[in-house]
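Q: Would you mind keeping the following structure in view while I ask a few things?
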Amino acid sequence: MTRKKFAVVGATDNPEKNGNRIFKNLKNRGYEVYPVNPKLDEIEGSKVYHTLSDIPEKVDVVDFVVPPPVTEEILKECKKLGLTRIWLQPGAESEQAIQYCVDNGMKVLHDVCVMMN
33 MTRKKFAVVG ATDNPEKNGN RIFKNLKNRG YEVYPVNPKL DEIEGSKVYH TLSDIPEKVD
93 VVDFVVPPPV TEEILKECKK LGLTRIWLQP GAESEQAIQY CVDNGMKVLH DVCVMMN
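Structure (structure tokens):
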């Protein structure tokens, strides 16, 4: 059985922020996690990717921990890359983002935190 691969858009090195908590939570649960943040190069020894396109392999789930306008923009990159499983953390979602996912055949989860699942 292969491990699920998550990209965490908005991962951060700040332990007070959800982007860091979610990144660590997924890693601790045994998932392969690719942090995505254009402003960082490393988080706790893990290479950080500046864009989803920089990740060397296709991920199973793209988890968003960014403001809705950023989510809406990066969803376009998801479509281009054929990434169809989207998890919008509370605060990352918007009606436009959810509708974009629906209109483009993406499976979207929202209103629930990945750490509670």
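Residues 33 to 149 (my numbering) make up the sequence shown, in order. Every residue, glycine too, gets a C-beta built ideally from N, C-alpha and C.
Which two residues bound the contiguous alpha helix (DSSP H) that contains Glu105?
A: Residues 100–113.
Q: According to DSSP, is Leu58 helix, strand or coil?
A: helix
Q: Have a look at the DSSP bridge pairing and note the partners of Tyr63.
A: In DSSP, Tyr63 forms no bridge with anything.
Q: Could you check if Asn69 is buried or exposed, using at least 16 other CB atoms within 10 Å of its CB as the buried criterion?
A: Result: buried.
Q: Can you list, in chain order, the residues of its chain with a C-beta nearer than 8 angstroms to that of Ile130? Leave out the 5 residues immediately preceding and following it.
A: Leu120, Val140, His142
Q: To the nearest angstrom, how far is it from the Cα of Pro122 to the Cα of Val144?
A: 6 angstroms
Q: My understanding is that Ile87 touches Ala124, with C-beta atoms under 8 angstroms, so please give their C-beta distance in whole angstroms.
A: Going by Cβ atoms, the distance from Ile87 to Ala124 rounds to 19 angstroms, so no, they are not a contact pair.
Q: Identify the continuous alpha helix (DSSP H) that holds Ile130 and give its terminal residues.
A: 127–135
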